[in-house]
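There are 4 protein chains.
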Amino acid sequence: MPEPLFIDADDATVSYTFGGCKPIARIMPGEPVRLSTWDCFAGNVTSVKDLPSQVCRFPYLNPVTGPIYVDGAHPGDTLAVHLVALTPIGDIGFSSTFPHFGALTGTHTTAMLHPPLEERVWQYTIDHQRGTVRYRARGGDYSVDLSMEPMLGTVGVAPAAGEVRASIVPGVHGGNLDTPLLRAGSTLYLPISEPGALLAVGDGHARQGDGELCGVAVEVPMSVTLVVDVIHGITTAQPRLETDSALMSIGVARPLEDTYRAACADLVRHVADLIGLDELDAYQLVSQAMRAHVGNVVDDSYTIAAAIDKHLLGTALPYGGAHRELRALSEVR
Amino acid sequence: MPEPLFIDADDATVSYTFGGCKPIARIMPGEPVRLSTWDCFAGNVTSVKDLPSQVCRFPYLNPVTGPIYVDGAHPGDTLAVHLVALTPIGDIGFSSTFPHFGALTGTHTTAMLHPPLEERVWQYTIDHQRGTVRYRARGGDYSVDLSMEPMLGTVGVAPAAGEVRASIVPGVHGGNLDTPLLRAGSTLYLPISEPGALLAVGDGHARQGDGELCGVAVEVPMSVTLVVDVIHGITTAQPRLETDSALMSIGVARPLEDTYRAACADLVRHVADLIGLDELDAYQLVSQAMRAHVGNVVDDSYTIAAAIDKHLLGTALPYGGAHRELRALSEVR
Amino acid sequence: MPEPLFIDADDATVSYTFGGCKPIARIMPGEPVRLSTWDCFAGNVTSVKDLPSQVCRFPYLNPVTGPIYVDGAHPGDTLAVHLVALTPIGDIGFSSTFPHFGALTGTHTTAMLHPPLEERVWQYTIDHQRGTVRYRARGGDYSVDLSMEPMLGTVGVAPAAGEVRASIVPGVHGGNLDTPLLRAGSTLYLPISEPGALLAVGDGHARQGDGELCGVAVEVPMSVTLVVDVIHGITTAQPRLETDSALMSIGVARPLEDTYRAACADLVRHVADLIGLDELDAYQLVSQAMRAHVGNVVDDSYTIAAAIDKHLLGTALPYGGAHRELRALSEVR
Amino acid sequence: MPEPLFIDADDATVSYTFGGCKPIARIMPGEPVRLSTWDCFAGNVTSVKDLPSQVCRFPYLNPVTGPIYVDGAHPGDTLAVHLVALTPIGDIGFSSTFPHFGALTGTHTTAMLHPPLEERVWQYTIDHQRGTVRYRARGGDYSVDLSMEPMLGTVGVAPAAGEVRASIVPGVHGGNLDTPLLRAGSTLYLPISEPGALLAVGDGHARQGDGELCGVAVEVPMSVTLVVDVIHGITTAQPRLETDSALMSIGVARPLEDTYRAACADLVRHVADLIGLDELDAYQLVSQAMRAHVGNVVDDSYTIAAAIDKHLLGTALPYGGAHRELRALSEVR
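Chains as they are written, first to last, in the numbering used here: chain A, 755 to 1087; chain B, 755 to 1087; chain C, 755 to 1087; chain D, 755 to 1087.
Okay, here's the thing in structure tokens:
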């Protein structure tokens, strides 16, 4: 891997929307990038006394580093984003409740007459050596270690149809997918709608439960190394994810059964295409083999990643082996 | 009413997004505007042989005339848009099915393995004298007259947080609400997020069933007369609608029970505020008095207008009587 | 109309399930029945001090009078239940909030961490002369009259497949549909699954808002006159409703868009069948002509009645004119 | 383990509802039972030529062996059902599509105008030695082995409130939960509503994908060994599941976000109670630690099992260590 381009998150390199922003850097496919991202609070939460609703200023939430212009990326192509390495910066992370946000509280759409739940912040200690994050109860002395599983909540490109979407919103352009499987070693495929794709990433999580139940993961600034490729002439209708062992389609929709349907229907068709099955045979195979990974059940749209083990694909290679090539490229160094 | 400003829909005056467009005209509050709108097909469907998926070019769907800059409209204020008159232009209208769109077919989110339903176009004859539109079956000689009830499917302003949304999408900024109650004589209240509000309107329907079941109403170009007001210092969280007899809140969400909840919760709070009830007393009153008008069950978000009869409000006047004043203004002429 | 059979609601004539109960009376098709029903609280709420969660004893909620065995009713037939007259008994009605029940509160399925909303009872005064019910706020002196629009929340028969369902649950067997259109003058069609159909009715409402927002209408004991018919050899898949002017299909499902879909798909197919249209032509017609009446958005399943004006049907008569015949029969007297 | 009671599935020992059936056997807590179950087709599908909609006779679907009366089980108690061993009987299994059933097709509630998908049957070969099931495409010669992961789709007791539910329906009484984690070694906790609990089990799957996408798993007759305990005086509001490593709550609801909410809210409260955290602290912990296992997205209600690793519980033992004791008991032999 050649020396990566470095991009530090700062006021000039972060943005708060997908689309509508000028590129802050330009890369070639295959050229590695190392960048840092701010946490979803834009760094404004520094202790358990900093309530997000007070220290954060809407709409300056969920900053993403970028956008980065990818040379040769044209509308109608697919962008493959391979995450080489993700390392939380520093040794603390924060989570919180947030008024009218989360799965077990009334929200602006699941509107209730209840007053909001208490807003509370939790500080996690990260042990890089042991690979753990330590939860500490606020109302008692209980604490416990959870494994650190760094991921990026938000990876996206400029949306289609000239739309500009807030970085906190997921969509077929990616964005705030909040999928725990967006880890080092995985490749995300996104549809390119604007010249240069206009990639931006952020919202690092030291770990996240399925569905991001309370709406906030263990939020951290993140050091990210990634490398991209452009798959020319192949359109991707909705986000897909590939790891060494699994192929996934990500549904982005509400209600959650539609999220599941959108994920599964895309996976069925992808598998049918890769193996050469008719759709009904692929439907059957996926029905028995698939694992559904719940991403978020709290954002503007929910996400589920429907996954199959790649051994089912035999020798077929999604996107002509893009994941394998990016993986190889990232390991050269 | 003074002589209205005239704006004819043409390539220079229509747009396809809310936000992201330069204003094409500037008006003062209280200054009437007469404008024309193209139909949702941008005029490309001219006979039952013109299949929308073939003659329309994505994303050039659902053109809106505007945006219009409203003098003195500031972020945080509320825009009141009073529809003075709506008249379909010409004497034909079109409806259709559209692949993977509608409530009784698989879609991109309610994803199914079925092939799309047949795409078919229906031409309606409008009788302005009798106030009817005539349905004619394509597969036989059955025909029947339905009452003409002109409405605008799409009325909106620039969204918050710098977002740009396609004109076919509804949101708290209005947009493609597809609410049959957006008729002449009604006043829509929208939150202002950008200077000048940036109002745009389109998607005229000669009539529409509740929920816009097949995804397409009786689509017509429309002659629209409207007049606006700016309510300073009063924020509106989501669209509200007022007629001479009813006050409504419009929910915009998925799934449809959340649409219902969002509409009702806002109405409960609005009623509580106007009458001076506590929320629980207002909850009870609205529970017994409310009528729910289903807008669309086909768009990116669904809409429901929750309505109460204004006699419940006693002498209380929503938005300080803005509807009454706009109504009066529009009748001066 | 011959002298009706009288059935008074008492411990021996009420039940709490559809299915699983022995018939308490036997009638012939065309033989009128006059019966009384208890309110949904089984009469246990007698003042605003009686909190339902304290005075009602689960599962003895929502008593229905019946079941009544209908002579000649066979599985696979359709039962037509025509409501001749509905009169609230007495001059007071009650409504309330109820812990973890209603559309704007966390429930056992829309589970939240909020404590329940305050449980509060409202007493309504019924003015039979003026046809009104008077709402009175609990937290102040505001009061207002609403029109009385008596309806039955619960009309059902024994379910299919040997199931027994609580009377508070709606289903394709009818049950707690909570549809405001179940009024005097309307005919409900239900699928017969057990010999004798086993009809039971209850849950009188002096009036109800769309969706029964807080979960409880203006609950009253009711005097009910009804007459039934059996339509032999015609199966009805889900509840349908007919009035002098409208034909409806009732969807019973969750989420609410599925309720809407189930109602509309049945109506489309019914209309296609009655007029002789192909399904796509009927889909189009219903799309433009239909009104969606939201029944409940609070029960175990939600309900929507999708309605079209019967003038669309020309001379076609649903169920061979059963509604007209029952209507005529009920007016003889 | 003492000699188990043997129960062979036959016409006298299977039933098709939970509730409404006389017990076919009586056991003591701690007394092991070995029984066989028919597959969900009641054995009527014997080759890929047997289409379920033709060879199965509604409502004789999804037979369960039982009900079994558990001595000392009283309403208000909790039944712990520990699955000791599950072994598919024979070496073939069947799956299929079924008209208007499954997640990627229109159904009776997600009603569409599409004709049903093709009904097709797949035969799987089970290799007990290798622990695999072999998928074979019908439309080509592709085949692949999947791991065998035997589970029971249906485990339940008599419902509350005198209800009787078809065995194909899941509910808080258990029933057709279709949770892939109902495997040998797991303990299911169910609320007891009738004397003797009236346990019945069936619907063996050689394996199942998450959500049971097409509505049908790899269906097999099953040899089941189980042992139960009664936890006196402890009520369980909805199904819970425990393994050696994980504690779970199972949500049963629609839409799928409510399923998720119901599962998570119960888990949050259970964890709060076991560890001694306040609810908000438990909400946070579960948010970061939880894995959501999607059970079915096709049945009358959907299911999700929300799981946490039991190391989070420290020394706390759910239900006083019932799982551990049943586990120990089952290993004595």
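We treat Cβ as the ideally placed atom computed from N, Cα and C, and that holds for glycine.
These numbers were taken from a predicted model, which means no experiment stands behind them.
Query	Result
Taking a Cβ distance cut-off of 8 angstroms, strictly less, list which residues of the region 921-955 of chain C are near chain B, in chain order.	none
Listed from N- to C-terminal order along the chain, which residues in the region 854-875 of chain B have their beta-carbon within a distance smaller than 9 angstroms of any beta-carbon of chain A?	860, 861, 862, 863, 864, 865, 866, 867
Given that a residue counts as buried once 16 or more other Cβ atoms are within 10 Å of its Cβ, and exposed if not, what is residue 848/D?	buried
Please confirm whether residue 794/D has its beta-carbon closer than 9 angstroms to some beta-carbon of chain A.	no
Reducing DSSP to helix, strand and coil, say where residue 888/D ends up.	strand
Check whether the Cβ atoms of residue 970/D and residue 864/D sit closer than 9 angstroms, and answer yes or no.	no
The beta strand (DSSP E) with residue 802/C in it runs from where to where?	Taken as a continuous stretch (DSSP letters only), residue 802/C belongs to no beta strand (DSSP E), as it is neither H nor E.
Starting from the N-terminal side, write out each stretch of the alpha helix (DSSP H) that is 4 residues or longer and does not extend beyond the region 870-925 of chain D.	none
Could you check the C-alpha separation between residue 834/D and residue 1058/D for me, to the nearest Å?	19 angstroms
Of all Cβ atoms in chain B, is any one closer than 9 angstroms to the Cβ of residue 1099/C?	In the structure as shown, chain C begins at 755 and stops at 1087. Residue 1099/C is therefore absent and cannot be evaluated.
Taking the straight line between their C-alpha atoms, what separation do you get for residue 797/C and residue 1019/A?	51 angstroms
With DSSP as the reference, please indicate the residues paired to residue 995/D in a beta bridge.	942/D, 1002/D
Taking the DSSP output, what are the residues bridged to residue 979/B?	788/B, 839/B
Looking at chain D, which residues of the region 780-808 of chain B have a Cβ within less than 7 angstroms of any of its Cβ atoms?	none
What residues in the region 956-967 of chain B have a beta carbon less than 8 angstroms from any beta carbon of chain C?	961, 962, 963, 964, 965, 966, 967
Does any C-beta atom of chain A lie closer than 9 angstroms to the C-beta of residue 777/B?	no
Distance, Cα to Cα, residue 887/D vs residue 966/D?	16 angstroms
Since residue 1049/C meets chain D, which of its residues come closer than 7 angstroms, beta carbon to beta carbon?	What residue 1049/C touches in chain D: nothing, since even the nearest Cβ is about 15 angstroms away.
At least one CB of chain B closer than 9 angstroms to the CB of residue 767/C: is that the case?	no
Quick one: what's residue 855/C bridged to in DSSP?	852/C
By the DSSP assignment, the beta strand (DSSP E) with residue 1061/A in it spans what residues?	1056-1063
With a Cβ-Cβ cutoff of 9 angstroms, do residue 1006/C and residue 1016/C count as a contact?	yes
Give the secondary structure of residue 1041/A by DSSP, where H, G and I count as helix, E and B as strand, and everything else as coil.	helix
So, under 8 angstroms CB-CB, residue 940/B and residue 1010/B are touching, yes? Tell me the CB distance rounded to an integer number of Å.	The Cβ separation is near 23 angstroms, so there is no contact.
Taking the alpha-carbon of residue 905/D as reference, which of 876/D, 843/D, 889/D has the nearest alpha-carbon?	843/D
So, for residue 801/B: in the same chain, excluding its five sequence neighbours on each side, which residues have a beta-carbon less than 8 angstroms away from its beta-carbon?	875, 877
Tell me the residue span of the alpha helix (DSSP H) that contains residue 1024/A.	1010-1029
What residues of chain C sit near residue 1009/A, judged by a beta carbon separation below 7 angstroms?	1009
Return yes when the Cβ of residue 1043/B is within less than 9 angstroms of the Cβ of residue 885/C, no when it is not.	no
Tell me the DSSP secondary structure of residue 957/C in three-state form.	strand
Quick check: the Cα distance between residue 901/D and residue 929/C, rounded to an integer number of angstroms?	45 angstroms
Going by the CB atoms, is the gap between residue 973/C and residue 960/C shorter than 9 angstroms?	yes
Pull up the DSSP beta-bridge partners for residue 1046/B, would you.	1060/B
Using alpha carbons as the reference points, say which of 1028/D, 938/D, 931/D lies closest to residue 841/D.	938/D
Going along chain C in order, which residues have a C-beta closer than 7 angstroms to the C-beta of residue 888/B?	What residue 888/B touches in chain C: nothing, since even the nearest Cβ is about 11 angstroms away.
With DSSP collapsed to three states, give me the class of residue 769/A.	strand
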